[in-house]
Every structure is written in C-alpha cells, then in structure tokens.
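Heads up: the protein sequence lines correspond to chains A and B, in order. For the record, in the first sequence the residue sitting at position 162 is 206 according to our numbering, with numbers rising by one throughout. For the record, in the second sequence the residue sitting at position 114 is 1113 according to our numbering, with numbers rising by one throughout. No residue lacks a Cβ here, since even glycine has one placed at the ideal position from N, Cα and C. Please read these numbers as outputs of a predicted model, since none were measured by experiment. Encoded as structure tokens, the structure appears first; notes follow it.
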Amino acid sequence: MGDLRQAVIGPDVEHGVFTSKFESLLAWARKYSLFQYPFATACCGIELMATAGPHYDIARFGAEAPRFSPRQSDVLWVVGTISQRQGPALKRIYEQMAEPKWVISFGTCASCGGFYDNYTTIPGIDKIIPVDVYIPGCPPRPEAALDALMLLMEKIQNNDRSPSVVKPREVVHQLRAKAPKERR
Amino acid sequence: MTASVKVMKKPKRTIAEQSYVKEVGKGLGLTIGRFLKNTFTEDNDIVTYRYPEQKRTYPRRFRGIHRLTQREDGSPRCVACLCCSTACPAQCIHIEAGEYAEGDPRYGYERYPEVFVIDELRCIFCGYCVEACPCDAIRMDTGAHMPPSTSREDFLFDKEILLSLPAQDGTVLTANPRHEPGDASHPGIDREHGH
Chain A
45 MGDLRQAVIG
55 PDVEHGVFTS
65 KFESLLAWAR
75 KYSLFQYPFA
85 TACCGIELMA
95 TAGPHYDIAR
105 FGAEAPRFSP
115 RQSDVLWVVG
125 TISQRQGPAL
135 KRIYEQMAEP
145 KWVISFGTCA
155 SCGGFYDNYT
165 TIPGIDKIIP
175 VDVYIPGCPP
185 RPEAALDALM
195 LLMEKIQNND
205 RSPSVVKPRE
215 VVHQLRAKAP
225 KERR
Chain B
1000 MTASVKVMKK
1010 PKRTIAEQSY
1020 VKEVGKGLGL
1030 TIGRFLKNTF
1040 TEDNDIVTYR
1050 YPEQKRTYPR
1060 RFRGIHRLTQ
1070 REDGSPRCVA
1080 CLCCSTACPA
1090 QCIHIEAGEY
1100 AEGDPRYGYE
1110 RYPEVFVIDE
1120 LRCIFCGYCV
1130 EACPCDAIRM
1140 DTGAHMPPST
1150 SREDFLFDKE
1160 ILLSLPAQDG
1170 TVLTANPRHE
1180 PGDASHPGID
1190 REHGH
C-alpha cells in the first residue's frame, strides 16, 4: 500500500490532496497482476512448479495465473534449454504478446546456454528476444525465482523498459588491466 | 426366455438430507474454521515460507556461490593450477596464472591467480571445481543462492569478490591445514630443488 500512497498522495502533503503521476499508479497495478506465460522446456520447469507450490506460493506476489495464450500474458518465463529449432517458435510467441511485456530467463540454459556448448542449443535467449531478468542456477532455487520476480516488479515500478543488452565481454579485459602484475 | 431384471429400490432420504443444507454447512464450517485458525492463531498449519522476510536455512552441504579461501596472511590459497577450470563442464572459470616475485619464498614453488573470474550465470553449481581443487582453495559453502540480475555483467565474479565472500559460519579461511614454504612441515620441493 505504501506505493499506492506514494502514487495518489504525495509524501509531504496532508491527507485528501490528489497529486499523482498516473504512470506510477499504472505501474503499481501492473506489477501486482503479472499474468505469466510459462515456456517450460526442461528440468527448470519442476522448480517453477515448486515456486507455484504451497511452500513458496508465487500467488503471494499476484503472479500465479498462467495464461496459455501469449495475447493474455504479461511476463514470459523462458524456463529451460532452448534449441535452435525452438528459437523461431519462442520469438513468435514473444511477438504475439501484447505490450507491455517482460521476459524472465529462468536458469542457466535459457540465460546463456549453460554447459550445452554445441550447435543445437541457443547460447542464451537474449540472442533472439530481449531479456529483463536473468536467473542463474541449474536449476535455480524457488527463492531465486521469487528474487527475480521482485526484481522485475521493482523494474516495472520504476518504469524501466530497457531490455538488458548483451554487451561484449569487456569486463574481463577491464579486470585483466586491474590485476597487479606482481603480488607482494 | 426372459431377461432377469434387478429392481433397485429408491433410497429413502428425508427432506433435510435432500436439501444438502446440513452438508453444505459442514463443508463451509471446515473452510471457515481453517481460515480462522490459520489467520488468528500461532498454532496453524501454514507451510508457506514468507520468503523475503522468512528465509529457509539451506543445508550445510548446499552448493551456493563460490568463494576463494584465504591463507593466514590474506592471500589466496589458489595456486592457479587450472584443475577447476579443466574440470568445469560449463567452462565458466577463467584463470590467468602469475609468477611470484623472485626472492619470494613461494617463487618457483607455486603460482598465484592474476585473474580469476567465474561467470556465475554460466555455472551449473555441480561442485566439480571444489572436488578438483587440490588446495581447498575454492569452496561453495557460502550458504547463499546466486541472486538474479538484470544484466549479464553482474554475474562475472572476479578474484576480489570471490576472496571476500565468507563461508556459512563466517570464516574466510578453511580448516584444512596448509604447509607454507619455510615451515618445518613443508617438504621443500620446488621447481629448482626437485625430487
């Protein structure tokens, strides 16, 4: 409710004054009613089911309702290894989703191919569709899935629509330059 | 020949039974009773972990984020032998070995990792690196799962990060003994004074 208060009543204004940004109210409404499209292809799907189960209960975040039509869903959970032949289907499903739409890449395989270093596996779905949140793990724990969901909700509240762009591995070169040549 | 027909009697039910009011009341009573019990008492049957606030403690053998163990003087125990990166099925460990300065007691005996980067997004948390390590330098006993992120760069954990992570019990060392060059327990074998 804090966010709604922030949205409809300014923090430093007495009660009853309606100063607001409509976008933040909309974002608040959006982030608590995320309809998911579970694109589960592999073993990570079991962990996604565990996330929906009673111990972790994704319904507490309002994101439990699966919609098996991309037209009706807000967030695409790509759960598991995506092979080259599944790539066009995944891209088509993403394109069929109505705006605003978000993508969560669940697990190592979907995020970067994992240990499938071969020609049949797409090394990360961000090669074909933009990804908002990556979840590491093989498979990730349900806690990590809930972490990702909270991260996505924060992103929605901030109206951050930027998809994560895959940047070149500059970081390793930076690290290389930073490391001391001689130790002691 | 006539077929034998078994005539079933219509069961006799009272009006009260046929209206199902009593049974509906019993069912609703159970539902409402559970609701009240789970909402207002501590002694409830709720199995849900209220995750961000109420965390489940992981078992001691849970394979979480890696850490590089330190020696007593704070330097890494890793000797850059590349056993872990060789054993890694996901090839997520990148090591560049460096030579100690001449005159250092460790010079000619062992090396150190100049660059040690683990791509935690690519890692599959199998624990092979921990098993392969001959120096007990890499461990996965931090007791924390790798958190998700919106950017791939956040998952590249370098030497500084890995060395600073403590184990589940708070130490950055390991209990297994180490024989430093110069110690009485050290065999005194190096590349120049070999077998």
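Got a sec, what are the start and stop residues for the alpha helix (DSSP H) residue i sits in?
i, result
"residue 138 of chain A", "131-140"
"residue 1031 of chain B", "1020-1039"
"residue 179 of chain A", "Taken as a continuous stretch (DSSP letters only), residue 179 of chain A belongs to no alpha helix (DSSP H), being part of the beta strand (DSSP E) at 177-179."
"residue 188 of chain A", "186-201"
Whole angstroms is fine: what's the gap from residue i's alpha carbon to residue j's?
i, j, result
"residue 132 of chain A", "residue 91 of chain A", "25 Å"
"residue 214 of chain A", "residue 1119 of chain B", "Caution is warranted here: a pLDDT of 48 is assigned to residue 214 of chain A, below 50, making its placement in the model unreliable, and the coordinate value is therefore given only provisionally. Distance between the alpha carbons of residue 214 of chain A and residue 1119 of chain B: 16 Å."
"residue 76 of chain A", "residue 118 of chain A", "11 Å"
"residue 109 of chain A", "residue 190 of chain A", "15 Å"
"residue 69 of chain A", "residue 203 of chain A", "11 Å"
"residue 1011 of chain B", "residue 1017 of chain B", "10 Å"
"residue 158 of chain A", "residue 1039 of chain B", "46 Å"
"residue 1033 of chain B", "residue 103 of chain A", "19 Å"
"residue 1111 of chain B", "residue 1100 of chain B", "11 Å"
"residue 1065 of chain B", "residue 1177 of chain B", "20 Å"
"residue 209 of chain A", "residue 1027 of chain B", "Only weak support is given to the placement of residue 209 of chain A: the predicted model assigns it a pLDDT of 45, under 50, and the value that follows is read from those uncertain coordinates. Whole-angstrom Cα-Cα distance: 53 Å."
"residue 151 of chain A", "residue 113 of chain A", "23 Å"
"residue 197 of chain A", "residue 107 of chain A", "10 Å"
"residue 238 of chain A", "residue 1108 of chain B", "Missing from the structure shown is residue 238 of chain A; chain A here goes from 45 to 228 and no further."
"residue 1071 of chain B", "residue 1053 of chain B", "35 Å"
"residue 87 of chain A", "residue 124 of chain A", "7 Å"
"residue 1181 of chain B", "residue 1103 of chain B", "11 Å"
"residue 1031 of chain B", "residue 1022 of chain B", "14 Å"
"residue 228 of chain A", "residue 1096 of chain B", "Confidence at residue 228 of chain A is low in this model, with a pLDDT of 38, below 50, so the placement of that residue should be treated as unreliable; the coordinate-derived value is given next. Residue 228 of chain A and residue 1096 of chain B: Cα-Cα distance of roughly 15 Å."
"residue 1183 of chain B", "residue 1098 of chain B", "24 Å"
"residue 175 of chain A", "residue 142 of chain A", "16 Å"
"residue 1191 of chain B", "residue 1185 of chain B", "15 Å"
"residue 1084 of chain B", "residue 1151 of chain B", "20 Å"
"residue 45 of chain A", "residue 1165 of chain B", "In this prediction, residue 45 of chain A has a pLDDT of 47, which is less than 50 and means its spatial position is unreliable; what the coordinates show is noted afterwards. Roughly 37 Å between the two C-alpha positions."
"residue 101 of chain A", "residue 156 of chain A", "27 Å"
"residue 1132 of chain B", "residue 1051 of chain B", "34 Å"
"residue 1014 of chain B", "residue 93 of chain A", "45 Å"
"residue 74 of chain A", "residue 188 of chain A", "21 Å"
"residue 200 of chain A", "residue 1114 of chain B", "36 Å"
"residue 1153 of chain B", "residue 1175 of chain B", "31 Å"
"residue 177 of chain A", "residue 170 of chain A", "10 Å"
"residue 172 of chain A", "residue 1127 of chain B", "31 Å"
"residue 121 of chain A", "residue 1146 of chain B", "17 Å"
I want to verify the contact list: residues of chain B whose CB lies under 9 Å from the CB of residue i, in sequence order.
i, result
"residue 92 of chain A", "Those do not exist, as residue 92 of chain A stays about 13 Å from chain B at its closest Cβ, beyond 9 Å."
"residue 195 of chain A", "1146, 1147, 1148 and 1149"
Name, please, each residue of chain A whose Cβ falls closer than 8 Å to the Cβ of residue i.
i, result
"residue 1180 of chain B", "Here the premise fails: no neighbours, minimum Cβ distance about 13 Å."
"residue 1139 of chain B", "What residue 1139 of chain B touches in chain A: nothing, since even the nearest Cβ is about 12 Å away."
"residue 1154 of chain B", "178 and 180"
Residue i versus chain A: which residues are under 7 Å apart at the beta carbon?
i, result
"residue 1119 of chain B", "180"
"residue 1046 of chain B", "98 and 99"
"residue 1050 of chain B", "100, 187 and 190"
If residue i sits next to residue j, beta carbons under 8 Å apart, how far is it from one beta carbon to the other, in whole angstroms?
i, j, result
"residue 140 of chain A", "residue 164 of chain A", "About 25 Å separates the two Cβ atoms, so there is no contact after all."
"residue 126 of chain A", "residue 154 of chain A", "6 Å"
"residue 1134 of chain B", "residue 1088 of chain B", "The pair is not a contact, with the Cβ atoms about 21 Å apart (cut-off 8 Å)."
"residue 1144 of chain B", "residue 111 of chain A", "About 28 Å; that fails the 8 Å criterion."
"residue 1094 of chain B", "residue 1079 of chain B", "6 Å"
Give me the chain A residues within the contact set of residue i, using Cβ-Cβ distance strictly less than 9 Å, ordered along the chain.
i, result
"residue 1090 of chain B", "159 and 161"
"residue 1144 of chain B", "180, 181, 184, 185, 187, 188 and 191"
"residue 1104 of chain B", "Within 9 Å Cβ-Cβ: nothing; residue 1104 of chain B doesn't reach chain A, min ~10 Å."
Can you tell me where the beta strand (DSSP E) holding residue i begins and where it ends?
i, result
"residue 123 of chain A", "119-123"
Taking 7 Å as the cut-off, is the beta-carbon of residue i closer than that to any non-hydrogen atom of the ligand SAH?
i, result
"residue 103 of chain A", "In terms of ligand content, the structure shown is empty, and the ligand SAH therefore cannot be addressed."
Along chain B, in chain order, which residues have C-beta atoms closer than 8 Å to that of residue i?
i, result
"residue 152 of chain A", "1089, 1120, 1121, 1122 and 1123"
"residue 127 of chain A", "None at all; the shortest Cβ gap to chain B is about 17 Å."
"residue 68 of chain A", "Chain B residues near residue 68 of chain A: none, gap ~20 Å exceeds 8 Å."
Residues of chain B with a CB under 7 Å from the CB of residue i: which are they?
i, result
"residue 135 of chain A", "Those do not exist, as residue 135 of chain A stays about 20 Å from chain B at its closest Cβ, beyond 7 Å."
"residue 155 of chain A", "1120"
Which runs of the beta strand (DSSP E) fall wholly inside the region 1062-1116 of chain B and span at least 3 residues, in chain order? Every beta strand (DSSP E) stretch that sits fully inside the region 1062-1116 of chain B and reaches 3 residues is listed by chain position as 1092-1098.
What are the start and end residues of each continuous beta strand (DSSP E) run of 3 or more residues lying completely inside the region 71-97 of chain A, in chain order? The qualifying runs are 80-84.
Can you list the alpha helix (DSSP H) stretches of 4 or more residues lying completely in the region 1112-1194 of chain B, in chain order? The DSSP assignment places 1127-1131 and 1158-1163 as complete runs of the alpha helix (DSSP H) inside the region 1112-1194 of chain B, in order along the chain (cut-off: 4 residues).
Restricting to runs no shorter than 4 residues, where is the alpha helix (DSSP H) found entirely within the region 146-175 of chain A? The qualifying runs are 152-156.
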